Amino acid sequence: MKKLIASLCSLMLVFSAATISAATSKDDIKTLPITIRNGGGNESQITRPRTPAFIPITGLYDNGRVILDFIEEIGTLNISVANQSTGEMYFDYCNSADGHFEMEISASKGNYLLTIQTENGTIYYGDFTL
-5 MKKLIASLCS LMLVFSAATI SAATSKDDIK TLPITIRNGG GNESQITRPR
45 TPAFIPITGL YDNGRVILDF IEEIGTLNIS VANQSTGEMY FDYCNSADGH
95 FEMEISASKG NYLLTIQTEN GTIYYGDFTL
């Protein structure tokens, strides 16, 4: 009987520790990758098979900052970040020749949409949730 009670206590301890770990790990996230996608083009005009488009931008959210790194020079960029849950919007511009860009945002919880537009009209976008 003592072994049964000890086994049940051990099992409950393991499950409660796993539950606490899972509950706190999601709330502690402060760094998130932002997947950048190409927003242009008419899908009906594209012939198959095709290779994925080269995206010259990588993105990251880190403790209230949106960080962009440019793999190649694509000119001057207009950048906007919108919290679709609260309506907050942030605007800035940069030159991709610098290779790196950072934008401070409020870090309010919500769904964010990042939009990047080049001089020639190409649009890239990404989204992330806090």
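Under the numbering used here, think of the first position of the sequence shown as -5, with each following residue one higher. Cβ atoms here follow ideal geometry from the backbone N, Cα and C, with glycine treated the same way. Here the structure is a predicted model, which means the values were calculated and not measured.
Are the CB atoms of residue 107 and residue 118 within a distance shorter than 8 Å? Contact flag unset, no.
Helix, strand or coil for residue 101, going by three-state DSSP, please let me know. Residue 101 falls in the coil class under three-state DSSP.
Rounded to a whole number of angstroms, what is the C-alpha to C-alpha distance between residue 99 and residue 58? The C-alpha of residue 99 lies about 5 Å from the C-alpha of residue 58.
Would residue 87 be called buried (16 or more neighbouring beta carbons within 10 Å of its own) or exposed? With fewer than 16 Cβ atoms within 10 Å of its Cβ, residue 87 is classed as exposed.
Report the three-state DSSP secondary structure of residue 47 (helix, strand or coil). Secondary structure of residue 47 (DSSP, three-state): coil.
For residue 79, does the three-state DSSP call read helix, strand or coil? It is coil, neither helix nor strand.
Could you tell me whether the segment 44 to 63 touches the segment 27 to 34, using the rule of 3 or more Cβ pairs below 8 Å? Proximity of the segment 44 to 63 to the segment 27 to 34 meets the contact definition, three or more beta-carbon pairs being nearer than 8 Å.
Please check the pair residue 54 and residue 65, which I expect to be a contact at CB under 8 Å, by giving their CB distance rounded to whole angstroms. Going by Cβ atoms, the distance from residue 54 to residue 65 rounds to 14 Å, so no, they are not a contact pair.
So residue 71 and residue 112 are supposed to be a Cβ contact under 8 Å. How far apart are they, rounded? With a Cβ gap of about 6 Å, residue 71 and residue 112 count as contacting.
Environment of residue 77 [buried if 16+ CB atoms lie within 10 Å]: Buried, because 16 or more other Cβ atoms sit within 10 Å of the Cβ of residue 77.
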